[in-house]
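Residue numbers (the numbering used here): 160 to 338. All C-beta atoms, glycine included, are put in the ideal place defined by N, C-alpha and C. Given the structure is predicted, the values throughout are model-derived calculations rather than measurements.
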């Protein structure tokens with residue numbers, strides 16, 4: 160399915176705005192400003208980061224092609240993941256960058272440690288890249304990333320959250336391509 164709508168709601172569920180963002184893949188809110196950061200992704204190497212203001216109007220754009228993003232209140236910055244793990248300032252400046260390991264496929268999801276800063280990141284594999292792996296990475300405040308867990312065959316991580324500094328994951332076990 161194609162996703163192309165951003166619908167912003169207040170904490171009571173009232174709609175603030177609705178707008179079209181072609182090829183929308185992920186979004187996160189800049190909590191102090193109310194701006195919505197949107198990743199668009201037409202394919203693995205073509206996308207951008209659009210910043211919408213609190214009324215849904217395009218405010219700026221940046222040449223980031225990525226899969227996931229999250230706002231870190233502890234760092235007042237965003238973590239963006241795809242072919243690298245990057246910490247980015249509100250102005251779009253890259254503050255730190257950890258590249259994808261050689262032979263890897265992509266980083267797919269990020270969850271921030273809201274109290275202490277840093278993040279947890281998922282890496283996905285691909286059957287055409289024999290050195291690619293499904294792994295969980297811990298990212299420190301300075302952007303240093305360390306693989307902390309390798310998922311066994313037939314276990315596919317899909318959703319990532321961070322609670323009290325610890326990663327929580329939803330995984331599919333006994334996964335086959337037909338399941």
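- Beta-carbon to beta-carbon, residue 270 and residue 228 are separated by about 11 Å, too far to satisfy the 8 Å threshold.
- Contact annotation: residue 255 and residue 263 have beta-carbon atoms that are not nearer than 8 Å.
- Secondary structure note for residue 243: its beta strand (DSSP E) is the uninterrupted segment 243-247.
- With contacts defined as CB atoms closer than 8 Å, residue 292 and residue 309 qualify as a contacting pair.
- If you ignore the 5 residues before and after residue 277, its C-beta comes within less than 6 Å of the C-beta of 298, 299, 300, all in its own chain and listed in chain order.
- When secondary structure is reduced to three states using DSSP, residue 266 falls in the strand class.
- Rounded to whole angstroms, the separation of the alpha carbons of residue 201 and residue 191 is 29 Å.
- With contacts defined by Cβ atoms closer than 8 Å, residue 247 and residue 266 do not form a contacting pair.
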